[in-house]
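See below for the structure under consideration.
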Ligand code: NAD
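The structure is reproduced here in structure tokens:
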């Protein structure tokens with residue numbers, strides 16, 4: 013496996029591209045939006061520089077990663093030589109299916125198609141292609157370069173060979189993997205959405221300030237981040253999409269907090285917009 017394409021250059025796509033390039037693969041990063049693609053290039057190069065400055069990686073390694081990366085706004089060009097594609101477009105099933113049908117047409121026969129979905133069904137996505145045995149979910153975490161885990165979710169028709177290949181890919185990226193059978197929200201999103209939503213409900217009910225809810229979970233329950241600061245980092249729009257899907261598939265327990273809906277309507281979607289449960293400069 014030499015050539016990996018990443019489709020979608022937002023929060024996750026750029027993090028995945030950075031990590032994959034540092035692991036020695038050639039990476040083609042694609043986004044439909046030219047300005048997002050340019051921003052991704054800038055932020056990946058800044059992160060490489062920051063990692064060198066802080067002594068996390070050698071300057072030669074950063075240079076090599078930079079040379080491994082290509083930015084391409086034509087999807088067909090971006091994936092035509094890919095051994096694997098990792099998709100990180102918005103969490104919407106019609107969009108994922110549209111992208112996977114194109115990938116199925118444009119990629120070589122051997123290409124593995126992985127989705128970074130947080131909740132959706134790799135079985136449904138795979139069934140829309142002519143290669144369901146090569147379709148799988150690789151669920152990365154934000155920020156990708158820091159988070160150790162990749163959750164690997166098998167669809168109904170995903171082959172064992174595909175599972176083994178993506179586990180190997182994870183190892184090359186210096187990540188740990190867990191193997192999960194498909195069910196809405198897998199392990200991590202299902203748990204994380206529930207904790208985050210409860211924290212939002214508590215905040216809305218006036219149980220405690222956002223700072224104190226987060227502090228309570230960090231210091232009392234040993235969570236490395238508070239659920240509200242984590243939701244701001246993930247993006248409240250992304251979180252709401254996940255909640256809506258889990259509410260639809262798993263029921264009442266996952267009804268999105270009304271305050272989350274209100275914040276998204278106001279465009280306060282967390283860190284990326286400068287405001288959410290906290291204010292950012
Ligand atoms: P984002 O909004 O930051 O980025 C999505 C990108 O996809 C945008 O740059 C957009 O221009 C691009 N895009 C939209 N349609 C496209 C198309 N047809 N072709 C190519 N590019 C297209 O979203 P994100 O937070 O990076 O989430 C991406 C995926 O990763 C989602 O499925 C999400 O559930 C999942 N995820 C997100 C997080 C997180 O913390 N944000 C964590 C794990 C998984």
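Numbering (my numbering), first residue to last: 13 to 293.
Backbone N, C-alpha and C define an ideal beta-carbon position, used for all residues, glycine too.
Nothing here was measured: the structure is a model prediction, and the numbers come from that model.
For residue 152 and residue 159, the rounded distance between their alpha carbons
8 Å
May I ask you to report which of helix, strand or coil DSSP gives residue 13?
coil
Can you check the segment 94-169 for any alpha helix (DSSP H) of at least 4 residues that lies completely inside it and give the ranges in chain order?
105-118, 134-139
Which residues in the same chain as residue 192 place their Cβ atom closer than 8 Å to its Cβ, once the five residues preceding and following it in sequence are excluded?
163, 164, 165, 166, 198, 199
Contact between the segment 78-97 and the segment 111-122 is defined here as three or more beta-carbon pairs at a separation below 8 Å; is this criterion met?
yes
Span separating the alpha-carbon of residue 128 from that of residue 175:
14 Å
Would you mind working out which of 123, 252, 134 sits nearest residue 106, comparing C-alpha positions?
134
Over what stretch of residues does the beta strand (DSSP E) that includes residue 210 continue unbroken?
Note, residue 210: premise wrong, no beta strand (DSSP E); alpha helix (DSSP H) at 200-217.
Determine the direct distance from the alpha carbon of residue 28 to that of residue 88, and round the result to whole angstroms.
20 Å
Give me whichever residues DSSP pairs with residue 186 in a beta bridge.
BP columns for residue 186 are empty, so no partner.
To the nearest angstrom, how far is it from the Cα of residue 140 to the Cα of residue 131?
17 Å
Residue 80, DSSP secondary structure in three states
helix
Do you know how far the Cα of residue 155 is from the Cα of residue 80?
20 Å
Beta-carbon contacts of residue 254 that lie in its chain and below 7 Å, excluding the five residues immediately before and after
103, 130, 131, 201, 205
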